[in-house]
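See below for the structure under consideration.
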Amino acid sequence: MNVFRILGDVSHLLAMVILLVKIWRSKSCAGISGKSQILFALVFTSRYLDLLTNFISIYNTVMKVVFLLCAYVTVYLIYGKFRKTFDSENDSFRLEFLLVPVIGLSFLENYSFTPTEILWTFSIYLESVAILPQLFMISKTGEAETITTHYLFFLGLYRALYLANWIWRYHTENFYDQIAVVSGVVQTIFYCDFFYLYITKVLKGKKLSLP
Amino acid sequence: QHLLRTKDEL
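Top line first, the protein sequences correspond to chains A and B.
Going by the working numbering, the first sequence opens with residue -17, and the numbers climb by one from there.
Going by the working numbering, the second sequence opens with residue 2, and the numbers climb by one from there.
Written as structure tokens, this is what we have:
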């Protein structure tokens, strides 16, 4: 465990809390892609199956439970409690365009052809594209609420910090996980244009609106 | 190296 890892997990947790606060306080999930939230719940479900089998640490177990809870509560709020405010016609990204390649790739490119390993690989590949429906929705509506941009900033920052964590671990313990690193790079690249808009607009107090 | 991989990450 290193500082980048801790900052990454905190940033990830903060993103999820910001989203829950936004939906709960505004009693609305306008501008939020329900499909991305479903994909995140799927990522955590397929990745944290070892929650009950192998214990790593209190921190690891607690964070996995909290992440799973946040993901499912968010999906419930979007499709259950505040479904009347859900903007389904703008959340129109075809999930099969993501799920089919990700499932195919996780069967082709993995470390070992066992159910848990394939599910872990699936969750890594899926996480790298899970934000696309949300980014697609923002490009379609042309703007995003400021609190939603903070959510996206910390969500993008978390995997960027994980990249720093992997660089650190490579140099200190010769640890290198190719599938996680490659997927993490792809995932962070998807946020680049958003990061640019966030830093040049939102941090200057302007509203995020796409040209 | 990947055998070094421990699923200690989230």
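By construction, the Cβ of each residue, glycine as well, lies at the ideal position given by its N, Cα and C atoms.
F49 of chain A is not a Cβ neighbour of F64 of chain A, given a cutoff of 8 Å. About 5 Å separates the CB atoms of S165 of chain A and I106 of chain A; that is less than 8 Å, so the two are in contact. For N(-16) of chain A, no CB of chain B lies under 8 Å from its own CB, so it is not counted at the interface with that chain.
In the DSSP annotation of this structure, the continuous segment of the alpha helix (DSSP H) that includes S(-7) of chain A starts and ends at -15 to 8. The shortest CA-to-CA distance from A23 of chain A to any of A:L108, A:G86, A:T98 is the one to A:L108. F104 of chain A and L185 of chain A have their C-alpha atoms roughly 35 Å apart. For E71 of chain A, the secondary structure class from DSSP, reduced to helix, strand or coil, is coil.
Under the 8 Å criterion on CB atoms, F135 of chain A is classed as non-interfacial with respect to chain B. Two segments are said to touch when three or more pairs of C-beta atoms, one from each, lie closer than 8 Å; by this definition the region 125 to 136 of chain A touches the region -10 to 6 of chain A.
Between the region 7 to 21 of chain A and the region 61 to 80 of chain A, the count of Cβ pairs shorter than 8 Å is three or higher; the stretches touch. From the listed residues A:G16, A:V55, A:K66, A:T131, the smallest Cα separation to A112 of chain A is found for A:G16.
Within the same chain, Cβ atoms closer than 6 Å to the Cβ of E127 of chain A are found at G13, the five residues on either side in sequence being excluded. Between the region 27 to 43 of chain A and the region 87 to 101 of chain A, the count of Cβ pairs shorter than 8 Å is three or higher; the stretches touch. At a beta-carbon threshold of 8 Å, the residues of chain B lying near F49 of chain A are L11, ordered along the chain. Distances from the CA of K122 of chain A to each of A:F176, A:Y178, A:N72, A:T182 were compared; the closest alpha carbon is that of A:N72. Between I129 of chain A and K9 of chain A, the C-beta gap is not smaller than 8 Å, which leaves the two residues out of contact.
If you look at D175 of chain A, you'll find it in the alpha helix (DSSP H) that goes 160 to 182. Secondary structure remark: continuous alpha helix (DSSP H) runs of at least 4 residues inside the region 57 to 127 of chain A, in chain order: 78 to 90, 97 to 111, 114 to 123. Counting only residues of its own chain and dropping the five nearest sequence neighbours on each side, S(-7) of chain A has a CB closer than 7 Å to the CB of F136, L139, Y140, L143. The beta carbons of L145 of chain A and V167 of chain A sit closer together than 8 Å. Nearest to P115 of chain A by alpha-carbon distance, out of A:H153, A:L80, A:W148, is A:L80. In the structure shown, S15 of chain A falls within a coil segment according to DSSP collapsed to helix, strand and coil.
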